[in-house]
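Numbered per the UniProt record's numbering, the sequence shown spans residues 1 to 566. Don't be surprised by glycine CBs; every beta carbon is placed ideally from N, CA and C.
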Amino acid sequence: MVEDAETVADSRDSGTDGSAEHWLSRALLLVPIAVEKARSAKGFAGRWKSIADKLQRLPPCLSDLSSHPCFARHALCRELLQSVAATLSEAVELADRCGCDGDGRSTGKLRMQSDLDALSGKLDLSLRDCGLLVKTGLLGEAALPPAGAARPGEAELAISNLGELLARLQFGHSEAKLRALDGLLEAMREDEKSVVAALGRSNVSALILLLTTTSPMVREKAATAVCSLTESGNCESLLVSEGVLPSLLRLLESGSLVAREKAVISLQRLSMSPNTARLIVRHGGIRPLIEVCLIGDSISQSAAAGALNNLSAVPESRQSLVDEGVVRVMLNLLDRGVVLGSKEYAAECLQHLTSSNESLRALVVSEGGIRSLLAYLDGPLQQESAVCALKNLVGSVSMDSLLSLGLLPRLVHVLKDGSLGAQQAAAAAICKISSSAESKRIVGEFGCIPLLVRMLEAKSSSGREAAAQAIASLMTYPHNGSKVKKDGKSVPNLVQLLDPSPQNTAKKYAVSCLLILSSSKKCKKMMISYGAIGYLKKLSDMNVPGSKKLLERLEQPRLRNLFSRK
């Protein structure tokens, strides 16, 4: 008994000194003592029998560990064996207390039960960690250099340290994993590229497992690490293939504020991939994201809105989003969102939802979507998504309603000062609402035509096409045709759009406009002087509608002049 007590005391008093071999010998000395004590302990027979069974499984695990070629050179082995020795000492002490107290009355029965359960958990952890070190190749990934080997350079040492750091994510108690996560986050701050390059599938899998651990602090740190990896842009596919999505979605529902924020930022980044967006929907991710939009802090709300917007970019996900109530949520963000980014995501989400489905358009209109989008245009944010959404919706509302809501002044403002994409969407919206002579008259009176003529000079082919199409539609109302005729830039700009190259998608609309203008002698002379005939000959060969007729009109005066000279 005295020798047993000395052995236990030695295992405690050695501190952190000693090699792996030292701690192995200590553990092997303690195992039979602990087994004997567990079997002879009084009280809690079922718990002690389970503990004794686990103690008997330790020697084979320790033998496998010690036979590994890297055993003596691995800091993880030394630390694990030191922990095993401490656990064995604890087992002996608890058994002695049970022997003295019988069923643990003097200690407290509930306290003893708790201590025994904790001891059983530590033994489970030791057995699991031994198996991990031996079977998963961790010993080979993070071994120290052998004695007598050349001193490694800084780069080699950094890689070795990083390998050990990543290995530590996979074993040990919560405190040890927390320290490993702190080290990983520090390493990522210093050299993210090296950390990402060193990550293997097992490391990523271990990190994902930590998202569901019982320790809130470990979950937060793991979520922070995953967030950093997603933002690096190099690990998305590996994270998704290792099952990160369900764990992140669970954090949205039950994690702390920090964990929830990091999880939703990760989901926003991952959902940029259409395939991953589909998986998020399949895993039931819409509802948790909507909940964050409703009750989350400003950063989380913006990220959740961004993720929902990414989901809405996938056509087959749109009905599921609508079924979960996303339209009302996005309109609330437009009307009352605090963070500007969340408003932009909401506008873009509504643009996606209304792009191809008439029933979804009707729903957005019935929920007051046009009013919210127009109010958004009065603010300082990017206008393109909101104007595109309006373009999708205007065909579902009467012209009188659009006028009463103030659509046209907003479109004029966008044509004057908006981005090219917003201007293009505004021109397309004007074209859509100009379906009758009366609507064309009203649009013309709002001063859109000079702005559209100027837009014919846009850098993008699609922008020029949208402007030309809108002008062609408006010019079928005679008074608008006169306004185009009076604009000195209209003929030169339209002639330039007769360019026969495939990249020029506006040529058929330019022909339509010039045909109407060709009733004016002055305009015909300008067309000829700007080279329209050469363009039109090529367009006639290409069978562009109206090009032959316009060519004939321009060539007739030239033929008359030729014959009169003769």
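Rounded straight-line distance, which links the Cα of residue j to that of residue i
i	j	result
PRO274	ALA45	57 Å
ALA347	MET330	7 Å
ALA223	HIS74	28 Å
GLN469	VAL327	31 Å
SER89	ALA206	29 Å
GLU457	SER302	37 Å
LEU498	VAL544	10 Å
GLN51	GLU21	Per the sequence presented here, residue 51 reads as Ile, with Gln not at that position. If you take the alpha carbons of ILE51 and GLU21, they lie about 25 Å apart.
PRO502	SER540	15 Å
PRO500	ALA532	11 Å
HIS68	LEU132	13 Å
VAL92	LEU110	19 Å
GLY148	ALA72	The predicted position of GLY148 is uncertain, since its pLDDT is 43 and thus under 50; no value can be drawn from it.
LEU340	CYS77	52 Å
GLU261	ARG287	16 Å
ARG57	GLU79	19 Å
ASP117	SER320	46 Å
ARG361	ARG318	12 Å
SER372	HIS283	31 Å
ALA437	THR476	8 Å
PRO32	GLY43	20 Å
PRO409	MET399	14 Å
LYS522	SER547	19 Å
GLU190	GLY325	43 Å
GLN424	GLU358	22 Å
LEU245	THR276	9 Å
SER19	LEU29	16 Å
LEU181	GLU367	47 Å
Cut-off 6 Å between Cβ atoms - residues of its own chain near residue i, not counting five sequence neighbours on either side
i	result
MET526	VAL491
SER174	SER215, VAL218
LEU210	VAL218, ALA222
THR505	SER461, GLU465
LEU166	ASN203
VAL84	ALA27, SER126
TYR530	PRO492, VAL495
Buried versus exposed call for residue i [16 or more other C-beta atoms within 10 Å across all chains shown]
i	result
GLU384	buried
LYS486	exposed
GLN556	exposed
ILE280	buried
MET542	exposed
LEU65	buried
ASN493	buried
LYS37	buried
HIS479	exposed
GLY534	exposed
SER482	exposed
LEU294	exposed
ASP115	buried
ASN161	exposed
SER439	buried
LYS467	Reading off the sequence, residue 467 comes out as Ala, not Lys. Result: buried.
GLY296	buried
7 Å CB neighbourhood of residue i in its chain, flanking five on each side removed
i	result
residue 568	The requested residue 568 is not part of the displayed model; the chain covers only 1 to 566.
ALA307	VAL264, LEU267, GLN268, SER271, LEU289
THR230	GLU236, LEU239, SER266, ARG269, LEU270
ALA41	TRP48, ALA95, CYS98, GLY99
GLY488	none
ILE370	LEU390, LEU393, VAL397, LEU405
ILE430	LEU411, VAL443, CYS448, ALA470
ALA176	ARG168
GLU242	ARG201, VAL204, SER205, ILE208
GLY172	ASP129
ALA422	GLN383, GLU384, VAL387, VAL414
ILE299	GLU261
Rounded distance between the beta-carbons of residue j and residue i, thought under 8 Å
i	j	result
LEU515	LEU550	5 Å
LEU257	SER312	So it is not a contact: roughly 26 Å between Cβ atoms.
LEU452	ALA427	6 Å
LEU314	ALA304	Note on identity: in this sequence residue 314 is Val, with Leu being the wrong assignment. Actually they do not touch by this definition, with Cβ atoms about 17 Å apart.
ALA225	LEU199	Their Cβ separation, rounded to whole angstroms, is 10 Å, which puts ALA225 and LEU199 out of contact at 8 Å.
Same chain, Cβ closer than 8 Å to residue i, neighbours up to 5 away in sequence not counted
i	result
LYS343	LEU333, LEU334, GLY337, TYR376, GLY379, LEU381
LEU178	SER215, MET217, VAL218, LYS221
LYS459	LEU420
LEU119	ILE51, THR87, GLU90, ALA91, LEU94
is_contact[residue i, chain C] using C-beta, thresh 8 Å
i	result
SER385	The displayed structure is made up of one protein chain only, and chain C is not part of it.
- Message: Under 8 Å: do the stretch 370 to 390 and the stretch 345 to 361 share three or more Cβ pairs, one atom per stretch?
- Response: Enough Cβ pairs lie closer than 8 Å, so yes.
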